[in-house]
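Counting in numbering that gives the first Met the number 0, the final residue of the sequence shown is number 221, and the numbers go up one at a time with none missing. Where is the CB? At the ideal position from N, CA and C, for every residue including glycine.
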Amino acid sequence: MTLVLDDVTLTYPDGDGRLTALDAVGLTVPAGTTTAVVGPSGSGKSSLLAVAATLVTPDRGRVLVAGTETRALGRAERAALRRREIGIVFQQPNLLPSLTALEQLQVMADMEGRRRHGADGDRARELLAAVGLSGQAHRRPHQLSGGQRQRVNIARALMNEPSVLLVDEPTSALDHERGAAVLDLLLCLTRERGTATVLVTHDRAHLAGVDAVREMTDGKLE
Ligand code: ADP
Ligand code: MG
């Protein structure tokens with residue numbers, strides 16, 4: 000089991016009281032599978048990803064990433080765990096405008112401090128091929144379509160071979176057909192690379208291939 004959330008409660012300050020964003024949430028995602036979390040805007044989906052990413056510490060409950068209990072970790076240890084084990088795909092690709100598609104991926108290896116002898120270049124090229132962008136390796140973001148930019152974003156998240164992949168509304172900026180293609184790609188990469196993938200979406204379209212669908216309502220996961 001690569002990602003486990005156990006009885007996780009998260010609140011935010013809200014006027015005089017607290018707003019409960021996650022209410023005793025339990026979620027287990029085995030390696031090589033995709034769990035979709037579906038729910039309306041404001042139901043707590045992004046909060047769930049932030050907790051799973053160890054970016055936010057919950058009020059209560061446990062978060063295990065690749066077998067590591069994260070509560071006791073310090074800031075630097077959490078950051079190291081994130082770099083090593085967690086790939087994050089946000090709604091907006093946030094690519095660096097001046098870098099080519101290939102360089103966007105290589106920057107990840109630089110951050111992990113393991114860029115050496117072109118091994119990262121080979122991996123970056125292999126991942127670009129896996130997302131269908133071999134021919135676009137030397138293009139910058141403005142020379143790519145929205146769907147292609149989202150594919151670079153996904154490839155970049157996989158660069159450090161994470162065991163957990165967290166994806167927030169990846170198709171919201173895409174039309175139906177391109178959205179379906181991006182989701183197919185995610186499901187396929189999840190099986191191929193063995194990641195435990197959480198796919199957050201408010202859109203129930205194209206969820207046919209996912210391994211589990213969980214519904215989020217007012218911070219509760221059905
Ligand atoms: P979703 O992704 O499903 O739209 P969110 O997790 O973003 O839901 O938000 C869940 C609830 O928590 C909402 O009521 C939202 O307004 C609130 N919320 C989210 N982030 C914060 C924050 N940093 N501070 C205070 N309230 C927040
Ligand atoms: Mg959200």
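With distances taken from CA atoms, which of the options is nearest residue i?
i, options, result
"residue 193", "5, 132, 86, 19", "86"
"residue 65", "132, 143, 82", "82"
"residue 137", "32, 197, 101, 186", "101"
"residue 187", "95, 204, 129", "129"
"residue 199", "220, 191, 190", "220"
"residue 123", "208, 152, 97", "152"
"residue 51", "185, 26, 127, 135", "26"
"residue 93", "62, 218, 139", "139"
"residue 195", "161, 216, 208, 176", "161"
"residue 185", "104, 197, 80", "197"
"residue 76", "90, 216, 18, 53", "53"
"residue 18", "96, 150, 41, 95", "41"
"residue 165", "175, 49, 12, 217", "49"
"residue 163", "45, 58, 31, 95", "31"
"residue 154", "108, 174, 16, 142", "108"
"residue 12", "95, 57, 91", "57"
"residue 28", "131, 142, 0", "0"
Does the distance from the C-beta atom of residue i to that of residue j stay below 7 Å?
i, j, result
"residue 2", "residue 20", "no"
"residue 6", "residue 60", "yes"
"residue 88", "residue 156", "yes"
"residue 127", "residue 133", "yes"
"residue 4", "residue 55", "no"
"residue 158", "residue 80", "no"
"residue 43", "residue 218", "yes"
Please state whether DSSP places residue i in a helix, a strand or coil.
i, result
"residue 204", "coil"
"residue 184", "helix"
"residue 179", "helix"
"residue 127", "helix"
"residue 189", "helix"
"residue 174", "coil"
"residue 107", "helix"
"residue 139", "coil"
"residue 70", "coil"
"residue 101", "helix"
"residue 76", "helix"
"residue 160", "coil"
"residue 119", "helix"
"residue 52", "coil"
"residue 35", "strand"
Can you have a look at residue i and say buried or exposed, based on whether 16 or more other CB atoms are within 10 angstroms of its CB?
i, result
"residue 191", "exposed"
"residue 78", "exposed"
"residue 73", "exposed"
"residue 99", "buried"
"residue 176", "exposed"
"residue 97", "exposed"
"residue 216", "exposed"
"residue 91", "exposed"
"residue 95", "exposed"
Check your understanding: Taking contact to mean at least 3 C-beta pairs separated by less than 8 Å, is the segment 200 to 212 in contact with the segment 21 to 39?
Key -> yes
Check your understanding: Touch check for the segment 129 to 146 and the segment 175 to 188: three-plus C-beta pairs under 8 Å?
Key -> yes
Check your understanding: Three or more beta-carbon pairs under 8 Å between the segment 115 to 132 and the segment 66 to 74, yes or no?
Key -> no
Exercise for review: Mind the definition here: the segment 161 to 174 touches the segment 190 to 209 only if three or more C-beta pairs lie below 8 Å; say whether that holds.
Suggested key: yes
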